[in-house]
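Trainee: At position 209 of the sequence shown the residue is numbered 253 (my numbering), and the sequence of numbers has no breaks. We put the beta carbon where it would ideally sit given N, CA and C, even for glycine.
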Amino acid sequence: MKKNILNLVIAAAVLSCGNLASAADFDLGGLRSVDVSAMSFSKRAPVPEQDPDDLIGIDLTVRVPFKFLKNAVEKMSLSDKRLTILDAAAPVVSKSGEFLKITNIRVDAGGIIVEPTLTLKMYMEGTDKVAVLIKKVQIHASMSPDKAVGDIDPATMTQEDLMEKVMDVIISGVYGAVNTKLKEINVPMKAEKVITMKYDKAAWILHSTVSSAVVQYLIPAGIIGDLHLTGFAVTSTGMNVTVQTAK
Numbered sequence: 045m046k047k048n049i050l051n052l053v054i055a056a057a058v059l060s061c062g063n064l065a066s067a068a069d070f071d072l073g074g075l076r077s078v079d080v081s082a083m084s085f086s087k088r089a090p091v092p093e094q095d096p097d098d099l100i101g102i103d104l105t106v107r108v109p110f111k112f113l114k115n116a117v118e119k120m121s122l123s124d125k126r127l128t129i130l131d132a133a134a135p136v137v138s139k140s141g142e143f144l145k146i147t148n149i150r151v152d153a154g155g156i157i158v159e160p161t162l163t164l165k166m167y168m169e170g171t172d173k174v175a176v177l178i179k180k181v182q183i184h185a186s187m188s189p190d191k192a193v194g195d196i197d198p199a200t201m202t203q204e205d206l207m208e209k210v211m212d213v214i215i216s217g218v219y220g221a222v223n224t225k226l227k228e229i230n231v232p233m234k235a236e237k238v239i240t241m242k243y244d245k246a247a248w249i250l251h252s253t254v255s256s257a258v259v260q261y262l263i264p265a266g267i268i269g270d271l272h273l274t275g276f277a278v279t280s281t282g283m284n285v286t287v288q289t290a291k
């Protein structure tokens, strides 16, 4: 059961599924172009609504270690080659005070090579809804050597533009990794139906909504109620994710 639920919520935990000067202090002034450091499935018959008292209720805390989150980022990098891990032996996700810190990654943001360290604040916006606020960011950026001079003009690219490109790569990586997992477990769904993600460029916030629809393919109908993501906490060793059935 834990494994099945973990498959559902891990995308939300990553990002979170996805670096230190305040975001407002972000500076691109030093960036120069020469700086190069047909599957078929049977449709299930509709299941009549059941009295909640006929179903098993679940109140479950899933412990997600940082090493597991790093493995998730590795799977993201396999699905989108624009994302790579710099040092395979070093951590990618860690705790920084009450926040999550993501480092040791490289992102090809449309020809600008970015090595960010992100400090993230995660919070619940409602049941199944997670927000990830970029609190601080430290970035080393350089121009990709195969990009012609003038193809990308750092002078016209704002901090918001660059972070939007970085988050586009991370979102693509999450969707790719989730699609791979769904295919492995023979679930006829697309990642976008399991987790929807949208980045708010102006507010520096990634909004995510997790769906429990995938559970119908993993657990026989009529046994448990609808599952929902209701909370999480950052610990010294990872994250605790709370999953509950509706009461």
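Got a sec? Which residues, its chain only, sit under 7 Å from residue 56 by beta carbon, not counting five neighbours each side?
Mentor: The sequence position of residue 56 within the sequence shown is 12, counting from 1. Interpretation of residue 56 is limited by its pLDDT of 39, a score under 50 that renders its predicted location unreliable; the figure taken from the coordinates is listed afterwards. These residues qualify, in order along the chain: 174, 239, 252, 254, 273.
Trainee: Per DSSP, which one or two residues make a beta bridge with residue 289?
Mentor: Here residue 289 refers to the residue found at position 245 of the sequence shown. DSSP, once it has assigned bridges, lists 271 as partnering residue 289.
Trainee: Label residue 230 either buried or exposed according to how many other C-beta atoms from any shown protein chain fall within 10 Å of its C-beta, with 16 as the threshold for buried.
Mentor: Taking the sequence shown and counting its residues from 1, one reaches residue 230 at position 186. Label assigned to residue 230: exposed.
Trainee: Starting from the Cα of residue 119, find the closest Cα among 236, 222, 278, 283 and give me that residue.
Mentor: As a position in the sequence shown, residue 119 is number 75, starting the count at 1. Closest by C-alpha distance to residue 119, out of 236, 222, 278, 283, is 222.
Trainee: Beta-carbon within less than 6 Å of residue 128's beta-carbon, same chain only, minus the 5 sequence neighbours each way: which residues are those?
Mentor: Counting from one through the sequence shown, the residue named residue 128 turns up at place 84. Hits under 6 Å: 121, 150.
Trainee: When the Cα atoms are used, what is the spatial distance from residue 180 to residue 116?
Mentor: Counted from its first residue, the sequence shown places residue 180 at position 136. Counted from its first residue, the sequence shown places residue 116 at position 72. Going by the C-alpha atoms only, they are around 22 Å apart.
Trainee: If you draw a straight line from the alpha carbon of residue 105 to that of residue 114, how long is it in whole angstroms?
Mentor: Translated into positions along the sequence shown, residue 105 becomes position 61. Translated into positions along the sequence shown, residue 114 becomes position 70. Computed Cα separation, rounded: 20 Å.
Trainee: Thinking residue 247 and residue 209 are a contact (beta carbons under 8 Å), I'd like their distance in whole angstroms, please.
Mentor: The sequence position of residue 247 within the sequence shown is 203, counting from 1. The sequence position of residue 209 within the sequence shown is 165, counting from 1. Actually they do not touch by this definition, with Cβ atoms about 16 Å apart.
Trainee: Measuring only the C-alpha atoms, how far is residue 103 from residue 170?
Mentor: Translated into positions along the sequence shown, residue 103 becomes position 59. Translated into positions along the sequence shown, residue 170 becomes position 126. So the alpha carbons of these two residues sit roughly 17 Å apart.
Trainee: Decide if residue 147 is buried, meaning its Cβ has at least 16 other Cβ atoms within 10 Å, or exposed.
Mentor: Position 103 of the sequence shown, counted from the first residue, corresponds to residue 147. Buried is the call here.
Trainee: On a Cα-Cα basis, can you pick out the residue from 277, 207, 228 that is closest to residue 250?
Mentor: Within the sequence shown, the letter at position 206 stands for residue 250. For the options 277, 207, 228, the alpha carbon positioned closest to that of residue 250 is the one of 207.
Trainee: With DSSP as the reference, identify every bridge partner of residue 311, one or two as the case may be.
Mentor: An answer regarding residue 311 cannot be provided, because it is not within the stretch 45 to 291 covered by the chain.
Trainee: Looking only at its own chain, which residues have a Cβ that is under 7 Å from the Cβ of residue 168, when we skip the five neighbours before and after it?
Mentor: Walking along the sequence shown from the start, residue 168 turns up at place 124. Correct list, in chain order: 174, 275.
Trainee: Go ahead and pull the three-state DSSP assignment for residue 244.
Mentor: Numbered from 1 along the sequence shown, position 200 holds the residue referred to as residue 244. Residue 244 falls in the strand class under three-state DSSP.
Trainee: So, are the CB atoms of residue 204 and residue 183 less than 9 Å apart?
Mentor: Taking the sequence shown and counting its residues from 1, one reaches residue 204 at position 160. Taking the sequence shown and counting its residues from 1, one reaches residue 183 at position 139. Taking 9 Å as the Cβ cut-off, residue 204 and residue 183 do not qualify as a contacting pair.
Trainee: Which residues in the same chain have their Cβ closer than 6 Å to the Cβ of residue 226, if we skip the five residues on either side of it in sequence?
Mentor: The residue you call residue 226 lines up with position 182 of the sequence shown. For residue 226, where only same-chain residues beyond five positions count, the Cβ hits under 6 Å are 233.
Trainee: Within its chain, find whatever has a CB closer than 7 Å to the CB of residue 15; leave out the 5 residues flanking it on each side and keep chain order.
Mentor: No information on residue 15 is available, as it lies outside the stretch 45 to 291 that the chain covers here.
Trainee: Tell whether a beta-carbon distance below 9 Å holds between residue 257 and residue 237.
Mentor: As a first step, residue 257 must be located in the sequence shown, where it is residue number 213. As a first step, residue 237 must be located in the sequence shown, where it is residue number 193. Yes, Cβ-Cβ distance for residue 257 and residue 237 is below 9 Å.
Trainee: So the candidates are 279, 287, 277; which of them puts its Cα closest to the Cα of residue 268?
Mentor: For the purposes of this step, residue 268 is taken as the residue at position 224 of the sequence shown. Answer by Cα proximity: 287.
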